Amino acid sequence: GAVVSQHPSRVICKSGTSVKIECRSLDFQATTMFWYRQFPKQSLMLMATSNEGSKATYEQGVEKDKFLINHASLTLSTLTVTSAHPEDSSFYICSAAAPRREGVGEQFFGPGTRLTVL
Amino acid sequence: AQSVSQHNHHVILSEAASLELGCNYSYGGTVNLFWYVQYPGQHLQLLLKYFSGDPLVKGIKGFEAEFIKSKFSFNLRKPSVQWSDTAEYFCAVATSGTYKYIFGTGTRLKVLA
Numbered sequence: 012g013a014v015v016s017q018h019p020s021r022v023i024c025k026s027g028t029s030v031k032i033e034c035r036s037l038d039f040q041a042t043t044m045f046w047y048r049q050f051p052k053q054s055l056m057l058m059a060t061s062n063e064g065s066k067a068t069y070e071q072g073v074e075k076d077k078f079l080i081n082h083a084s085l086t087l088s089t090l091t092v093t094s095a096h097p098e099d100s101s102f103y104i105c106s107a108a109a110p111r112r113e114g115v116g117e118q119f120f121g122p123g124t125r126l127t128v129l
Numbered sequence: 041a042q043s044v045s046q047h048n049h050h051v052i053l054s055e056a057a058s059l060e061l062g063c064n065y066s067y068g069g070t071v072n073l074f075w076y077v078q079y080p081g082q083h084l085q086l087l088l089k090y091f092s093g094d095p096l097v098k099g100i101k102g103f104e105a106e107f108i109k110s111k112f113s114f115n116l117r118k119p120s121v122q123w124s125d126t127a128e129y130f131c132a133v134a135t136s137g138t139y140k141y142i143f144g145t146g147t148r149l150k151v152l153a
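Here the protein sequences come in this chain order: H and E. The opening position of the first sequence corresponds to residue 12 in this note's numbering, with each subsequent residue numbered one higher. The opening position of the second sequence corresponds to residue 41 in this note's numbering, with each subsequent residue numbered one higher.
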């Protein structure tokens with residue numbers, strides 16, 4: 012099956028700093044990637060949809076200036092949490108959609124990045 | 041607005057018991073349906089998916105799900121659970137032709153040895 016990786020798997024940073032998380036589709040090209048946030052013992056909340064070569068589409072309530080998304084190539088999307096604060100601590104998960112593999116409409120998920128802001 | 045409901049938030053079963061987790065969605069059009077599992081400390085894994093065809097879908101690890109269009113449901117079943125099935129289970133729905141998922145709130149399953 013399609014493989015999606017994320018880096019780093021864990022990151023601890025000080026309040027006020029920025030953190031970049033990378034999401035890569037390893038064996039397929041993904042025109043669309045998604046970024047989710049998962050709070051402890053809760054479901055995944057979609058933050059934004061990232062399309063290669065265009066601006067990301069953010070869900071209601073997600074600050075686009077705080078969560079910068081770049082999808083510069085068909086295999087890489089990045090999420091930058093700017094001026095991170097403790098309330099940004101969470102588990103961030105990316106996924107990638109593969110339009111020509113295993114059916115339309117399926118996302119393949121990365122392993123997630125646990126962000127802790129001190 | 042579209043939504044996905046998982047009515048069972050916490051389920052505790054003994055090994056060998058049968059499992060059924062409910063998933064209902066609200067959308068009148070064609071949908072693609074998914075069940076994912078998240079083991080403690082691990083990432084989401086696809087259990088099974090439905091795009092079209094036979095509404096009874098078989099997945100990995102002995103799981104199956106049945107799509108009942110008239111009930112807008114896609115319930116997950118397993119005849120005999122094991123301790124290793126302890127995990128969180130998420131139902132997800134995508135409207136046909138799109139990639140955007142709506143996730144249910146998840147069901148935390150604990151299987152007692």
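Cβ atoms here follow ideal geometry from the backbone N, Cα and C, with glycine treated the same way. Here the structure is a predicted model, which means the values were calculated and not measured.
Whose C-beta lies closer than 6 angstroms to the C-beta of residue i among residues of the same chain, with five residues either side of it excluded?
i: R117(E); result: E60, E104
i: E113(H); result: At E113(H), the pLDDT of 49 sits below 50, so the modelled position is not reliable; the number obtained from the coordinates is stated separately. Answer for E113(H): no residue qualifies.
i: V77(E); result: Q85, L87, A127, Y129
i: Q118(H); result: S106, A108
i: R21(H); result: R125
Could you tell me which residues DSSP pairs with residue i in its beta bridges?
i: E128(E); result: Q78(E), R148(E)
i: V44(E); result: Y65(E)
i: H49(E); result: Looking at the DSSP assignment, H49(E) forms no beta bridge with any residue, so it has no partner.
i: V128(H); result: C24(H)
i: S84(H); result: L87(H)
i: Q85(E); result: V77(E)
i: E63(H); result: Note: E63(H) sits in no beta bridge, so no partner.
i: M44(H); result: S61(H), A107(H)
i: F119(H); result: A107(H)
i: K118(E); result: L59(E)
i: E104(E); result: K98(E), R117(E)
i: M53(H); result: Residue identity differs from the one stated: residue 53(H) is Gln in this sequence, not Met. DSSP lists no partner for Q53(H).
i: T138(E); result: T138(E) is not bridged to any residue.
i: C16(H); result: Residue identity differs from the one stated: residue 16(H) is Ser in this sequence, not Cys. In the DSSP output, where bridge partners are listed per residue, S16(H) has R35(H).
i: F143(E); result: A132(E)
i: T68(H); result: T60(H)
i: F78(H); result: V92(H)
Any idea what DSSP makes of residue i, helix, strand or coil?
i: K31(H); result: strand
i: S66(E); result: strand
i: K98(E); result: strand
i: S110(E); result: helix
i: E98(H); result: helix
i: E113(H); result: Unreliable placement is indicated for E113(H), whose pLDDT of 49 sits below 50; the coordinate value is still reported in the next sentence. Note: E113(H) maps to coil in three-state DSSP.
i: A56(E); result: coil
i: L37(H); result: coil
i: A153(E); result: coil
Short of 7 angstroms in beta carbon distance, which residues of its chain neighbour residue i, apart from the five on each side in sequence? Order them along the chain.
i: G123(H); result: Q17, F102, Y103, I104
i: S26(H); result: A95, H96, P97, V128, L129
i: H50(E); result: R148
i: I52(E); result: K150, L152
In chain order, what residues of the same chain lie with their CB nearer than 8 angstroms to the CB of residue i, ignoring the 5 residues before and after it?
i: Q42(E); result: Y65, S66, Y67, V133, T135, I142
i: V73(H); result: M58, A59
i: C24(H); result: V30, A95, L126, T127, V128, L129
Exercise for the section: Check each residue of the stretch 114-141 of chain E: if its Cβ is closer than 9 angstroms to any Cβ of chain H, include it; give the result in chain order. Expected result: E128, F130, A132, A134, T135, S136, G137, T138, Y139, K140, Y141
Problem - Short-range partners of chain H found in the stretch 58-73 of chain E, where Cβ spacing is below 8 angstroms - result: N72
Practice task
Check distances from the C-beta atoms of the stretch 55-66 of chain H to those of chain E and list, in chain order, the residues that come in under 9 angstroms.
Solution key: L55, M56, L57, T60
Problem - Near-chain H residues of the stretch 79-101 of chain E - C-beta to any C-beta below 7 angstroms - result: H83, L84, K89, F91
Exercise for the section: Can you give me, in chain order, the residues of the stretch 16-47 of chain H that have a beta carbon less than 7 angstroms from any beta carbon in chain E? Expected result: T43
Handout entry: Members of the stretch 117-128 of chain H that neighbour chain E once the beta carbon cut-off is set at 7 angstroms
Key = E117, Q118, F120, G121, P122, G123
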